[in-house]
Amino acid sequence: MAGEKASVCVTGGGGFVASWLINLHLSKNYFVHATVRRPGDAKYAHLSAFEKASENLRLFKADLLYYDSIRSAVEGCVGVFHVASPVPSSADTVLNPEPRITDDLFVSSISAVFMDPSWPKDQVMDETCWSDTEYCRTSKIWYRLSNTEAESEVLELGKGSGLDVSTVNASSLFLIRLLKGDESVENKLRCIVDVRDVAEALILAFEKTEAEGRYICSAHMIKTDLTEVQEELRLSSEKWQRLGWNYRPLMDTVIDRVEGYRLAGLLD
Numbered sequence: 103m104a105g106e107k108a109s110v111c112v113t114g115g116g117g118f119v120a121s122w123l124i125n126l127h128l129s130k131n132y133f134v135h136a137t138v139r140r141p142g143d144a145k146y147a148h149l150s151a152f153e154k155a156s157e158n159l160r161l162f163k164a165d166l167l168y169y170d171s172i173r174s175a176v177e178g179c180v181g182v183f184h185v186a187s188p189v190p191s192s193a194d195t196v197l198n199p200e201p202r203i204t205d206d207l208f209v210s211s212i213s214a215v216f217m218d219p220s221w222p223k224d225q226v227m228d229e230t231c232w233s234d235t236e237y238c239r240t241s242k243i244w245y246r247l248s249n250t251e252a253e254s255e256v257l258e259l260g261k262g263s264g265l266d267v268s269t270v271n272a273s274s275l276f277l278i279r280l281l282k283g284d285e286s287v288e289n290k291l292r293c294i295v296d297v298r299d300v301a302e303a304l305i306l307a308f309e310k311t312e313a314e315g316r317y318i319c320s321a322h323m324i325k326t327d328l329t330e331v332q333e334e335l336r337l338s339s340e341k342w343q344r345l346g347w348n349y350r351p352l353m354d355t356v357i358d359r360v361e362g363y364r365l366a367g368l369l370d
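Given below as structure tokens:
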């Protein structure tokens, strides 16, 4: 559900995906309530610099583990975009604090989809696929385990809540980790999606009444070399495309990002 000047809440407002989502919301004339850890912190200054932020953006100090902390942020909102790092015990807090809320969008990861060693490599994975939680647990892959359990709990809670609940399984943010100082990332097959396309997908799911359940948000597969077998990992975003989502060409993303890094002085 959506309308001009509707109010929405975005959790984890200072994060990479959330920042792009907030900017897009503002450009579409939404009022945005964004939760952050410390509203006065200088690291959130970029949010206030967005066009229309002075009139339509409010920052709220919130801890997603506590009901009373999130309550003021979601008050008056008709939708919640849960972009903060998933913690299973926070799911009920975010889903049940405000009776006016009709839509809940939960940002998960493709790590909740593909971690299944028994899946045939020649078959495409879609929204029916889930990572094997027991395998993640025994292998101590805690991030993927957390993503999978959190998303599963959100969908289960949504069944009896009366909310329209959708979860978005986006590609992982390995490039931003490099920019933040990680020395390296593993050289392997990568699923790529432009963060702007993720933001547009989230708002599309909010605005389309027929949107429900899981959505894989992945646009391109990047192989380490030309001889790498395509069957190593194949994800389908067809469900998104049926809803009307389109993603940018990979070269557009690369050119725009390089130019953005140049303007930010990261290539000097």
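If you read the sequence shown in my numbering, its first letter stands for residue 103, the second for the next number, and so on.
Even for Gly, the Cβ is constructed at its ideal location relative to N, Cα and C.
Since the structure is predicted, the reported quantities are computational estimates derived from the model, not experimental observations.
For residue j and residue i, believed in contact at Cβ under 8 Å, the rounded distance
{"i": "LEU128", "j": "LEU159", "result": "6 Å"}
{"i": "ARG316", "j": "GLU229", "result": "4 Å"}
{"i": "GLY117", "j": "VAL180", "result": "The pair is not a contact, with the Cβ atoms about 22 Å apart (cut-off 8 Å)."}
{"i": "TRP232", "j": "VAL209", "result": "Actually they are not in contact, since the Cβ atoms of TRP232 and VAL209 sit about 17 Å apart, beyond 8 Å."}
{"i": "ALA136", "j": "LEU161", "result": "5 Å"}
{"i": "LEU405", "j": "PHE183", "result": "Since the first residue shown for the chain is 103 and the last is 370, residue 405 is missing from the structure and cannot be characterised."}
Simplified DSSP state of residue i, which is helix, strand or coil
{"i": "THR230", "result": "coil"}
{"i": "ASP206", "result": "strand"}
{"i": "ILE124", "result": "helix"}
{"i": "ILE172", "result": "helix"}
{"i": "ASN324", "result": "Residue identity differs from the one stated: residue 324 is Ile in this sequence, not Asn. Of the three classes helix, strand and coil, the one that applies to ILE324 here is strand, per DSSP."}
{"i": "CYS238", "result": "helix"}
{"i": "ARG292", "result": "strand"}
Pick from the options that is closest to residue i, judged by C-alpha positions
{"i": "ALA272", "options": "ALA144, GLY346, TRP342, GLY264", "result": "TRP342"}
{"i": "VAL110", "options": "MET217, GLU314, GLU177, ASP224", "result": "GLU177"}
{"i": "TYR146", "options": "SER263, ASN125, LEU166, LYS130", "result": "ASN125"}
{"i": "SER263", "options": "TRP122, TRP347, ILE294, ASP205", "result": "ASP205"}
{"i": "SER174", "options": "LYS163, TYR132, LEU167", "result": "LYS163"}
{"i": "ARG350", "options": "THR311, ALA301, GLY367, ALA313", "result": "ALA301"}
Identified DSSP bridge partners for residue i
{"i": "CYS319", "result": "ALA272"}
{"i": "HIS135", "result": "CYS111, ARG160"}
{"i": "HIS184", "result": "THR113, PHE208"}
{"i": "VAL267", "result": "ASP206"}
Own chain partners of residue i with C-beta closer than 7 Å, once the 5 adjacent residues on each side are dropped
{"i": "ALA104", "result": "Because ALA104 sits at a pLDDT of 44, beneath the cut-off of 50, its placement in the model cannot be relied upon, and the following sentence gives the value as read from the coordinates. Excluding positions up to five away in sequence, the list reads PHE308, GLU309."}
{"i": "SER320", "result": "ILE212, SER273, CYS293, VAL295, LEU337, SER339"}
{"i": "LEU247", "result": "THR235, CYS238, ARG239"}
Close-in-space but distant-in-sequence residues of the same chain around residue i (CB under 6 Å, 5 per side omitted)
{"i": "GLU253", "result": "SER210, ALA214, THR269"}
Spatial neighbours of residue i in its chain, beta-carbon cut-off 8 Å, leaving aside the 5 residues before and after
{"i": "LEU369", "result": "VAL360, TYR363"}
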